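Notes follow once the structure below has been shown.
Protein chains: 2
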Amino acid sequence: MTLKELGEFGLIHRIVPRSGSGRGVTLGIGDDAAAVIPTPGLETLITADMLVEGVHFDLTLTTPLELGAKSLAVNLSDIAAMGAVPRFTLLSLAIPPTFSLELLDPFLDGFTSMAQRHGVTLVGGDTCSSRAGFVISVTLMGEQRSDRIIRRSGAIPGDRIYVTGTVGDSALGLTLLRRGERNGGAIIRHLAPLPRNEAGQLLAERGMATAMIDISDGLAADLGHILTQSGRGATLFLDRLPLSQEYRDRVPALADDLFALALSGGEDYELLFTAPADRQEEIRSLSAAVGLPMTDIGEIAAASGLLFLSPDGSPYTPTSRGFDHFS
Amino acid sequence: MTLKELGEFGLIHRIVPRSGSGRGVTLGIGDDAAAVIPTPGLETLITADMLVEGVHFDLTLTTPLELGAKSLAVNLSDIAAMGAVPRFTLLSLAIPPTFSLELLDPFLDGFTSMAQRHGVTLVGGDTCSSRAGFVISVTLMGEQRSDRIIRRSGAIPGDRIYVTGTVGDSALGLTLLRRGERNGGAIIRHLAPLPRNEAGQLLAERGMATAMIDISDGLAADLGHILTQSGRGATLFLDRLPLSQEYRDRVPALADDLFALALSGGEDYELLFTAPADRQEEIRSLSAAVGLPMTDIGEIAAASGLLFLSPDGSPYTPTSRGFDHFS
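Protein chains in written order, with the working numbering: chain Y, 102 to 428; chain B, 102 to 428.
Now the structure itself:
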């Protein structure tokens, strides 16, 4: 059955059972707006991301299940980067009339299962037709105490720079997908990223991070955002970059430079954060507790500028600073 | 200059000055998420609408200034229909790389000026490129006391049904635009709708409305939503429908049926609400105070079903029940 046959109200009725009457929701899908009760004393964090067919995803390379999960995951990652607790989401879809339920249902399954995993309730959104591709727009609200919210602007000279997990896998995965491969860890990292909400929230609640961002544009570009907003510089040691075995095995045959993809490839959805040097032990414990590596890759400097040091100690110049949607 | 030349960060820097540090905003555009302080004791209302080029708008028929204002207005109308106060908005744009600043700047001007008029602060969003048309996704948050929020589900038998302003003008305007006309009140109503936030908020604060919705799908379809969710029926008197002089002058030459467009044409963005019969005088006063007609067009019945009565008292069957995006 196509969306055209189903109709707009049929579609809405397909989405409603996936929305919830979770904690704090007084009015879900079905009125002019949703109504939720903010937790007293907390600030509301709010973020939105749009995913456009042919720009952010290719339905011949991703399954609709993965796409549904990823469209919420990229927003969860933004809330993680603030150290906040995700709560409520709105899902807006512009759908080609010929789009089939065989695509839509697993897409919604992926979205809903990612929402459930993170305790997020779907409360609203919009559906309309698209004359071009499939367009997904997700809004996510979260909450946190004012004094725990972690901004990009708080990095202090002497702070260590940490990154969770491994970097560059998503960009490697996309490269492999475009070369016709369909399996492997890097491809999964690209198609089905797992946002680091538990880590982000704990870093905030324990007051360990001074600045934080999620890696969506690429490590170098996203570190640049922290440095610009903190008015600082940094030194980054390339030999400390956490690279997966698959990355180390595959990249040498694909590129002249082992580090370029890890520095400039986007969509890792790892957390990049700064913390005082004396919190090192606590970060090690937290990393072990949540089962997620947190690697010290550099140090914040007082003077502006981002210096990359090669394994041999010589300065390194990255080939690209990240991903610009309009370039 | 095209967006491709400007680049994503250039675009964001173009939007940031239009965002604000309004009351309650602790973190605006420029971090992973925005942070706002909910007013203690109020519920948060949240709504999202997507506008897609070629489906919702045609850049050869609308100016970018009107489109920017309308993309927020349709969300303001949803918040008005809840009786809530609009507060914070997020604007996400998928933009063709060849889109020019001559289109983008006035679009943002229209959006910002509508935001300012309603005391709304732009706090975030997303920008990306589109391989197809221009896609606009707006999220709007509002606030209201729990006991004042007006749902669709509260209509009670004996309640009078009111509609603000006049109906059918937007649909007439679209018809005229498609016939090559470019001027006149109906066309303005279609391209530059004015949401009824002052009226909606006052109806809520004075506890006058039992159910409310904004007319986006068409009067008949939107009344149907109130009836379904209230589990009631209604009688609607067609001779009471508030039709503009332009509508009465132009429609007879365009259609066999004077009422079809007023009943099924969408995008009026007027408020449709129900209120106890004994509040009639108060509604008349409120209408005069805000300078917006509020016309009693029918009555809620206990039994389900929507009965339309023609001016001669005979039953009338509408030709269409509204606008379905996928039909």
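The beta-carbon is built from N, C-alpha and C at its ideal position, and this holds for glycine as well.
None of the values given here were measured: they were computed from a predicted structure.
For residue 140 of chain B, same chain residues with a beta-carbon under 8 Å away, outside a window of 5 residues either side, are 125 and 244 in chain order. Residue 259 of chain B and residue 401 of chain B have their C-alpha atoms roughly 5 Å apart. Chain B has a Cβ within less than 7 Å of the Cβ of residue 155 of chain Y.
As computed with DSSP, residue 263 of chain Y is found in a beta bridge with Y/374 and Y/397. Fewer than three beta-carbon pairs drawn from the region 286-296 of chain Y and the region 220-232 of chain Y are found closer than 8 Å, and the two stretches are therefore not classed as touching.
According to the DSSP secondary-structure assignment, residue 245 of chain Y is paired through a beta bridge with Y/144. Against chain Y, the beta carbon of residue 144 of chain B has neighbours under 7 Å at 127, 136, 137 and 138, listed in chain order. At a beta-carbon threshold of 9 Å, the residues of chain Y lying near residue 191 of chain B are 147, 148, 149 and 240, ordered along the chain. In the three-state scheme derived from DSSP, where H, G and I count as helix and E and B as strand, residue 408 of chain Y is classed as strand. Sequence-distant partners of residue 148 of chain Y (beyond 5 residues in either direction) whose C-beta falls short of 6 Å from its own C-beta, in its chain, are 176, 179 and 241.
Boundaries of the alpha helix (DSSP H) around residue 208 of chain B: 202-218.
Around the beta carbon of residue 406 of chain Y, fewer than 16 other beta carbons lie within 10 angstroms, which makes this residue exposed. As computed with DSSP, residue 110 of chain B is found in no beta bridge at all. Assigned with DSSP and collapsed to three states, residue 301 of chain B falls in helix.
Apart from the 5 residues on each side of it in sequence, residue 272 of chain B sits with its Cβ closer than 6 Å to the Cβ of 362 and 366 in its chain, given in chain order.
Between the alpha carbons of residue 103 of chain B and residue 233 of chain Y lies a gap of roughly 21 Å.
Scanning chain Y for C-beta atoms nearer than 9 Å to the C-beta of residue 401 of chain B yields nothing, as the closest lies near 18 Å away. Nearest Cα to residue 216 of chain Y within the set Y/278, Y/111, Y/120 and Y/329: Y/120. Per the coordinates, the alpha-carbon of residue 307 of chain B lies some 34 Å from the alpha-carbon of residue 221 of chain Y.
Classified as exposed, residue 114 of chain B has fewer than 16 neighbouring CB atoms from the shown chains inside 10 Å of its CB. If you ignore the 5 residues before and after residue 338 of chain Y, its C-beta comes within less than 7 Å of the C-beta of 398, 399 and 410, all in its own chain and listed in chain order. Fully enclosed beta strand (DSSP E) runs of no fewer than 3 residues occupy 312-315 and 334-338 of the region 300-371 of chain Y, in order along the chain. Around the beta-carbon of residue 161 of chain Y, fewer than 16 other beta-carbon atoms lie within 10 Å, marking it exposed. Taken through DSSP and simplified to helix, strand or coil, residue 237 of chain B comes out as strand.
The beta-carbon distance between residue 364 of chain B and residue 414 of chain B, rounded to whole angstroms, is 18 Å. This is too long to meet the 8 Å contact definition. Taking all protein chains in view, the Cβ of residue 376 of chain Y is crowded by 16 or more other Cβ atoms within 10 Å, so the residue is classified as buried. In chain order, 165 place their CB closer than 6 Å to the CB of residue 204 of chain B, counting only its own chain and leaving out the 5 sequence neighbours on each side.
With 16 or more other CB atoms across the displayed protein chains lying within 10 angstroms of its CB, residue 380 of chain Y is buried. For the region 143-196 of chain Y, the full-length beta strand (DSSP E) segments reaching 3 residues or more read 144-153 and 186-196 along the chain. Around the beta carbon of residue 332 of chain Y, a 10 Å sphere encloses fewer than 16 other beta carbons of the protein chains shown; the residue is thus reported as exposed.
DSSP, read as helix, strand or coil, puts residue 271 of chain B in helix.
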